[in-house]
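In our numbering, the protein residues as written are 216 to 491.
Virtual Cβ for every residue (Gly too), placed ideally from N, Cα, C.
Quantities reported herein were computed from a predicted structural model and do not represent experimental measurements.
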């Protein structure tokens, strides 16, 4: 839950503004972290707003989610200024249990694709929450930083789970122990993210990608996501059995029938995303 060093952040305006913006589109929602003066660093208020928005996105009418940040950065992790206000010894484990772990679990468990558009620096938990999403696009100017070592903390928000699986043990260890920034282009080369795009094209491409996902067979994508989530902890036999069971479920959806009909009739499929 680490943020960038405090001197990189400016003071927040006293004016009351929403810490999260939610824009409804046709079948999908765009969620924008909206604390640009603090590089969208997390506070309890932002955590609660994002949790509520993701819970609302679980509705079947929403078939995909896009998460991005306002201003010049995606997310600087935890707002250290928010922590400085606490009295007495801090229990950072309690903060993780109450906010960061539930956020990662919500993203991974959501039965629809979650796209992340990283528009600037993603540090500490900000980087790891991006990696928890299903597809990550980043502006070429973006950087990913495992900033925890800079202030004597341990990577959290799933970082020690996601990074070794994405880039291998050697790179994950160096990234976490050295806290060196990784450019968007290097992140793409290493397989940390899906794609690096020009800064001016980021939001347009991310929106087009999310809109396309929202038009696809949502239940099949949800079951694919479920299989991928389970694969890291399964032996081959268990994963084969899971694929069988999920394929059985997918084969009973209206979108499977529509997909086959569209193929046979040589026309574009019109997927509804319905469960039954």
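Residue i to residue j span [Cα, whole Å]
| i | j | result |
| --- | --- | --- |
| residue 251 | residue 421 | 20 Å |
| residue 353 | residue 435 | 26 Å |
| residue 450 | residue 335 | 38 Å |
| residue 443 | residue 288 | 29 Å |
| residue 225 | residue 294 | With a pLDDT of 37 at residue 225, under the threshold of 50, the modelled position of this residue cannot be trusted; read the value that follows with caution. If you take the alpha carbons of residue 225 and residue 294, they lie about 11 Å apart. |
| residue 222 | residue 349 | Model confidence at residue 222 stands at a pLDDT of 32, short of 50, so the residue's coordinates are unreliable; what they give is reported in the following sentence. Using only the alpha carbons, I get a separation of about 32 Å. |
| residue 456 | residue 304 | 48 Å |
| residue 381 | residue 407 | 6 Å |
| residue 217 | residue 372 | Note that residue 217 scores 42 on pLDDT, short of 50, meaning its location in the model is unreliable and no value can be drawn from it. |
| residue 446 | residue 454 | 6 Å |
| residue 403 | residue 410 | 6 Å |
Span of the beta strand (DSSP E) around residue i
| i | result |
| --- | --- |
| residue 259 | Taken as a continuous stretch (DSSP letters only), residue 259 belongs to no beta strand (DSSP E), being part of the alpha helix (DSSP H) at 259–272. |
| residue 247 | 243–248 |
| residue 239 | 235–239 |
| residue 440 | Careful: residue 440 lies outside any beta strand (DSSP E), inside the alpha helix (DSSP H) at 433–446. |
| residue 305 | From DSSP, residue 305 is part of no beta strand (DSSP E); its letter is neither H nor E. |
| residue 329 | 329–333 |
| residue 368 | Taken as a continuous stretch (DSSP letters only), residue 368 belongs to no beta strand (DSSP E), as it is neither H nor E. |
Residue interval of the alpha helix (DSSP H) (run including residue i)
| i | result |
| --- | --- |
| residue 488 | It is not in any alpha helix (DSSP H) - residue 488 carries neither H nor E in the DSSP assignment. |
| residue 319 | 316–324 |
| residue 344 | 340–347 |
| residue 286 | Element bounds for residue 286: n/a, residue is neither H nor E. |
| residue 455 | 451–465 |
| residue 477 | 469–480 |
Residue of the options minimising C-alpha distance to residue i
| i | options | result |
| --- | --- | --- |
| residue 362 | 403, 396, 244 and 249 | 396 |
| residue 399 | 388, 413 and 387 | 413 |
| residue 486 | 407, 453, 474 and 404 | 474 |
| residue 367 | 266, 391 and 231 | 391 |
| residue 405 | 383, 424 and 415 | 383 |
| residue 419 | 466, 325, 283 and 321 | 283 |
| residue 489 | 254, 238 and 278 | 278 |
| residue 357 | 272, 415, 245 and 322 | 415 |
| residue 231 | 245, 260 and 237 | 260 |
| residue 315 | 345, 476 and 340 | 340 |
| residue 291 | 311, 345, 461 and 375 | 345 |
C-beta neighbour in chain D for residue i, strict 8 Å
| i | result |
| --- | --- |
| residue 456 | No chain D appears in the structure shown, which is made up of a single protein chain. |
Expected contact under 8 Å - CB spacing of residue i and residue j to nearest Å
| i | j | result |
| --- | --- | --- |
| residue 360 | residue 387 | Actually they are not in contact, since the Cβ atoms of residue 360 and residue 387 sit about 14 Å apart, beyond 8 Å. |
4 or more residues per run - each alpha helix (DSSP H) lying fully within the region 382–433 = 384–393, 399–405 and 417–429
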